[in-house]
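So the structure is just underneath, and the comments pick up after that.
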Amino acid sequence: MDEVALRTLTPTVIAVLVRRGADFDTAEDAVQEALIEAVRVWPRGRPRDPRGWLITVAWRKFLDTTRAEASRRQREDAVLAEPPALPGPAVDDTLRLYFLCAHPSLTPASAVALTLRAVAGLSTRQIATAYLVPEATMAQRISRAKRMVSGVRFNRPGDVATVLRVLYLVFNEGYSGAVDLAAEAIRLARQVAVMTRDEEAAGLLALMLLHHARRAARTGVDGSLVPLAEQDRGRWDTRLIAEGVEVLQAALARDRLGEFQAQAAIAALHADARTARETDWVQIVEWYDELVRLTGSPVARLNRAVAVGAADGPRAGLAALAGLDPALPRHTAALAYLHEQAGDVAVAARLYARAARVASNLLERDHLTRQAARLNARLRG
Amino acid sequence: MARYLLLKHYRGGPAPAGGDVPIDQWTPEEVDAHVRYMRDFAARLTDTGEFVDSQALLPEGTFVRSDGPGRPPVTDGPFAETKDLIAGWMVIDVDSRERALELAGELSAAPGAGGEPVREWLELRPFMAYPPAVTE
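For the protein sequence lines, the chains are B and G, in the order given.
5 is the number of the first residue of the first sequence in this note's numbering; add one for each residue after it.
2 is the number of the first residue of the second sequence in this note's numbering; add one for each residue after it.
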């Protein structure tokens, strides 16, 4: 059993302990310890029932902890009988844990950290490394988050949308590191989509799969950013694309559209084009219209303007961009791109340089600087 | 989450707002209180899950540049009268720019002469992020 398969059992085992009467905070610690022991012991002989083994060991660790505490007598009376797990589907327990870790009372960063530990089963050190903070800081962030939700009743279902937002953050805003956060986010989204049968959960899973499929093509050998239009589509992962499209189609067929499904539909249309020129921009604009209708998001409007530029010509794109706040992220970059398409090379060169100065990440800045340099060289011609 | 650098300058910032008594003229107790405040501040940010790093720099600095292949690098300085001089920094990982401003304000209120907050200027600089996967 590899590490990922082992970690998959984490939420179920925590849920079993909580059902037996353990508090979430102590149960979560106990399961982490059991996981560490499993990594140590299993190579010498894997148990026939890994889940049962983890439950037994985690329960023992939980008892050790509670025995050591001052209020042990009352607690022991309650738990020493080791009641069997209450009947009821394990799926519900696991899902409740997702809700708890994404509870609205938590800040996004706390919800992300707690989800990665209690649901994904990652160690504090792994999470700290993935987010480039000291282990002590991440340990505190997690334990504060646990305290914050300690009073939340475990038996009430939550809003799937909060869970999806947390998983989207894990997918989209992680740093590079030893842990593949994008792969973790996909694993968790797949589990949530299966458990909830929610259309937006499926939409998010599809969105992740379709973007993950392009990962190898997204950066050049030197680590530079390769824009969608210039990516080597032969390097896109067709297996992930096929799965993403299938998941998305099943969700769309149920006719309950949401923003993740709309975003996934846009990604699917890109995936469908064998070359950038074959992209069905008219349909993509229609999906952006849906996305704007669903979210009202200025970022969606900005991306729509770029799509309009591809569908109806750069002047139409510039007109669509005209009413938007210039302070939006990537606004200047979009303006530069559309001006270049329209043939205003000198204007575009100046705008690319300005966009580079306000870029919020290094890869985009370098890419925009390169665009400015390319156009300036052409102007010197 | 957003990562910010709180940059402390020896000089180069706006005109000081607080007391202008140099630290070597404070009482030893006032110096201790100041140092303790800084240390406690870092510990408190670890507790809130927001601390990343804190370092102080020596005032001496040397400019270095390449002088071409096969030649040792050229150095210049130190310059006694450089306009800007960085004393040290703290890196924080917070939920919002508002929170970063709040923390910078607190750090700037470290006690100085007479126990009064020094109210020194700190420069707040956002870090570049890691590029997102979903951009269209």
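Backbone N, C-alpha and C fix where the C-beta goes; we use that ideal spot for every residue, glycine too.
Among the residues of its own chain, which have a CB less than 6 Å from the CB of alanine 210/B, if the five just before and after it don't count?
Gly248, Val251, Leu252, Ala268
Residues that leucine 125/G bridges to, as DSSP identifies them:
Leu7/G
Quickly, what does DSSP pair glutamine 56/G with across the bridge? List them, please.
Trp90/G
Own chain partners of arginine 194/B with C-beta closer than 7 Å, once the 5 adjacent residues on each side are dropped:
Leu209
Short CB-CB distance (under 8 Å) between arginine 145/B and chain G
yes
9 Å Cβ cut-off: residues of chain B touching phenylalanine 52/G:
Val137, Pro138, Ala140, Thr141, Gln144
Do you know how far the Cα of histidine 335/B is from the Cα of alanine 363/B?
10 Å
Ignoring anything shorter than 4 residues, give me the alpha helix (DSSP H) runs that lie fully in the region 263-306 of chain B, in order along the chain.
263-276, 285-299
Whole-angstrom C-beta distance between glutamate 121/G and proline 17/G, which should lie under 8 Å
7 Å
Indicate whether at least one CB of chain G lies closer than 8 Å to the CB of tyrosine 113/B.
The residue asked about is misnamed: residue 113/B is alanine in this sequence, not tyrosine. Yes - at least one Cβ of chain G is within 8 Å of the one on alanine 113/B.
Valine 17/B CB to nearest chain G CB: under 8 Å?
no
Helix or strand or just coil, what does DSSP make of phenylalanine 64/G?
strand
Starting from threonine 76/G, follow the alpha helix (DSSP H) in both directions and report where the run begins and ends.
Taken as a continuous stretch (DSSP letters only), threonine 76/G belongs to no alpha helix (DSSP H), being part of the beta strand (DSSP E) at 75-77.
Report the three-state DSSP secondary structure of alanine 257/B (helix, strand or coil).
coil
For valine 95/G, which residues does DSSP report across the bridge?
Ala3/G
When burial is assigned at 16 or more other CB atoms within 10 Å of the CB, is threonine 16/B buried or exposed?
buried
Please check if any C-beta of chain B sits within less than 8 Å of the C-beta of tyrosine 5/G.
no
Short of 6 Å in beta carbon distance, which residues of its chain neighbour leucine 120/B, apart from the five on each side in sequence? Order them along the chain.
Leu126, Ile131
Could you give the DSSP three-state label for alanine 217/B: helix, strand or coil?
coil
Which same chain residues, not among the five before or five after arginine 258/B, have their C-beta less than 8 Å away from its C-beta?
Glu203
Contact under 8 Å by Cβ, alanine 221/B with aspartate 97/B
no
Assigned exposure category for glutamate 7/B - 16 Cβ within 10 Å defines buried
exposed
Chain-ordered residues of the region 358-370 of chain B with a beta carbon less than 7 Å from chain G
Ser364, Asn365, Leu366, Leu367, Glu368
What's the call for proline 87/B, buried or exposed, on a 16-neighbour Cβ count within 10 Å?
Any reading at proline 87/B must be qualified, since the residue scores a pLDDT of 47, below 50, and its modelled position is unreliable; no value is offered.
Thinking just about the alpha-carbon of each residue, which of Leu136/B, Arg281/B, Leu229/B is nearest to the one in leucine 367/B?
Leu229/B
Going straight from the alpha carbon of histidine 35/G to that of glycine 113/G, what length do you get?
6 Å
Sorted by chain position, which residues of the same chain lie with C-beta nearer than 7 Å to alanine 143/B's C-beta, five sequence neighbours on each side aside?
Thr128
Give the interface partners of isoleucine 270/B over in chain G, defined as CB-CB distance under 9 Å, in chain order.
Glu137
Measure the beta-carbon distance from glutamine 265/B to leucine 256/B and round it to whole angstroms, keeping in mind my assumption that it falls under 8 Å.
6 Å
Any beta carbon of chain G sitting closer than 8 Å to that of histidine 215/B?
yes
Alanine 331/B versus proline 231/B - alpha carbon distance
22 Å
Relative to the alpha-carbon of leucine 10/B, which residue among Glu32/B, Glu37/B, Asp33/B, Pro54/B has its alpha-carbon at the smallest distance?
Pro54/B
Interface flag, aspartate 131/G vs chain B, CB-CB below 8 Å:
Looking at the sequence itself, residue 131/G is tyrosine, so the reference to aspartate does not match. Yes, tyrosine 131/G counts as interfacial toward chain B.
Could you please give me the residues that DSSP links to proline 112/G through a beta bridge?
Pro118/G
How about glutamate 177/B: is its C-beta nearer than 8 Å to some C-beta of chain G?
yes
Grouping DSSP H, G and I as helix and E and B as strand, with all else coil, what is leucine 90/B?
Its pLDDT being 49, under 50, leucine 90/B is placed unreliably by the model, and the measurement read from it follows with that caveat. Residue state, collapsed to three classes: coil.
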